[in-house]
Amino acid sequence: ENPFQEGQELFRQGLLSEAVLALEAAVQQDAGNVEAWKLLGTVHAENDDDQQAIGCMMRALDGDPADLEVILSLGVSYTNELDQSEALEYMRRWLATNPKFSEFYQSQRLPEGPMSVQQVADVFTAAAAVHPEDADVHAVLGVVFNLSRDFDQAVLAFTQALKSRPQDYSLWNKLGATKANSHLSSEALAAYQKALDLKPNYVRAWSNLGIAYSNQGLYGESLKYYVRALTMNPRSLNIWGYLRISCSCLGRPDLTALVDAKDIESLETQFQL
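Going by the working numbering, 217 is the number at position 40 of the sequence shown; the sequence numbering is gapless.
Below, the structure written as structure tokens:
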């Protein structure tokens with residue numbers, strides 16, 4: 178019995194809560210299994226749990242400090258957690274560690290200490306001009322522009338990344354979140370839907386759909402998306418919190434009581450998608 182292989186298979190099937198249990202068993206069996214920590218971090222991120230994702234990715238980074246996917250994932254999770262300084266530090270580290278950009282990075286003569294969001298955006302804009310075919314550099318640029326709240330530029334960056342990677346559901350989700358931040362709610366819904374067409378059990382995208390409807394004041398519509406997300410990841414305190422706000426805004430104490438009891442089965446019978 179190999180819990181890591183089992184975790185990989187469950188992740189591939191989109192059974193994220195089950196994948197977490199298998200991968201937790203794998204890292205208990207072998208705390209040095211970098212790939213298991215990395216996949217566990219990815220599952221937590223897709224389950225809309227960035228704090229857990231950060232803890233796992235840090236363990237993966239201890240084992241392989243040059244893993245570009247792990248470094249980028251940490252930058253994204255810290256962005257989601259609104260920790261700008263840490264996010265920028267990992268974005269910069271991604272560029273410094275990436276062999277494709279090593280010559281470019283050295284030529285920039287960057288300051289030793291922390292850099293401002295504008296400085297990091299400028300460096301990545303220049304990097305994207307050096308390797309315009311690199312989808313990752315555009316994806317990082319999109320995240321950096323989200324940090325600087327330059328959402329129009331972020332949309333352009335993610336759109337450019339998607340030209341190379343149209344099947345990347347996480348990029349569609351990032352594009353959706355950026356459009357939601359720009360108050361382009363209907364365009365955000367279309368991008369989230371594209372992410373879910375590619376990965377139907379993508380909890381973060383279901384949750385983001387709920388947020389997009391809530392932001393338009395469509396609280397009743399938001400409920401079924403939050404409930405769908407919670408059926409896949411009932412451990413997400415964030416999503417329970419979003420659901421509670423929508424129930425309160427609708428003036429439905431009966432539903433709020435179900436949320437407080439975390440009675441997912443009763444909620445699910447009321448809000449089938």
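All C-beta atoms in this analysis are idealised placements derived from N, C-alpha and C, irrespective of residue type, glycine included.
Inter-residue spacing [alpha-carbon to alpha-carbon] between residue 255 and residue 376: The residue you call residue 255 lines up with position 78 of the sequence shown. The residue you call residue 376 lines up with position 199 of the sequence shown. Taking the straight line from one Cα to the other gives about 23 Å.
Near residue 275, which residues of its chain fall below 7 Å by C-beta distance, leaving aside the five closest residues on each side in sequence? Working through the sequence shown from its first residue, we reach residue 275 at position 98. The answer, listed in chain order, is 245.
Only counting the same chain, and skipping five residues up and downstream in sequence, which positions put a Cβ closer than 7 Å to that of residue 356? Mapped onto the sequence shown, residue 356 falls at position 179. Cβ neighbours of residue 356 beyond the five flanking positions: 332, 364, 365, 368.
Assuming contact is defined by CB atoms lying nearer than 7 Å, are residue 324 and residue 335 in contact in what I supplied? Along the sequence shown, one-based indexing puts residue 324 at 147. Along the sequence shown, one-based indexing puts residue 335 at 158. Cβ atoms of residue 324 and residue 335: not closer than 7 Å.
Here's the rule I'm using: 16 or more other beta-carbon atoms within 10 Å means buried, otherwise exposed. How should residue 446 be labelled? Within the sequence shown, the letter at position 269 stands for residue 446. When all chains shown are included, residue 446 counts as exposed.
Residue 284, enclosing alpha helix (DSSP H) - first and last residue: Here residue 284 refers to the residue found at position 107 of the sequence shown. Per DSSP, residue 284 belongs to the alpha helix (DSSP H) from 279-284.
Measure the alpha-carbon distance for residue 321 versus residue 277 and round it to whole angstroms. The sequence position of residue 321 within the sequence shown is 144, counting from 1. The sequence position of residue 277 within the sequence shown is 100, counting from 1. Their backbone Cα atoms lie some 20 Å apart in a straight line.
Count the other CB atoms, across all protein chains shown, that sit within 10 Å of the CB of residue 268; report buried if there are 16 or more and exposed otherwise. Position 91 of the sequence shown holds residue 268. By the 10 Å Cβ count, residue 268 comes out buried.
Coil, strand or helix - residue 438 by DSSP: On the sequence shown, position 261 is the one that residue 438 refers to. The answer is coil: DSSP assigns residue 438 none of H, G, I, E or B.
By the three-class DSSP mapping on this structure, what secondary structure does residue 379 have? Position 202 of the sequence shown, counted from the start, is the residue given in the question as residue 379. Of the three classes helix, strand and coil, the one that applies to residue 379 here is coil, per DSSP.
Own chain, CB closer than 7 Å to residue 305, minus 5 neighbours either side, in chain order: In the sequence shown, residue 305 corresponds to position 128, counting from 1. Correct list, in chain order: 314, 315, 318.
What residues in its chain sit with their C-beta under 7 Å from that of residue 204, if we drop five residues either side in the sequence? For this step, residue 204 is matched to residue 27 along the sequence shown. If we look at residue 204 and ignore the five residues flanking it on each side, its Cβ neighbours are 210, 213, 214, 217.
CA-CA distance, residue 439 and residue 417? The count along the sequence shown starts at 1 and reaches residue 439 at position 262. The count along the sequence shown starts at 1 and reaches residue 417 at position 240. One C-alpha to the other measures close to 8 Å.
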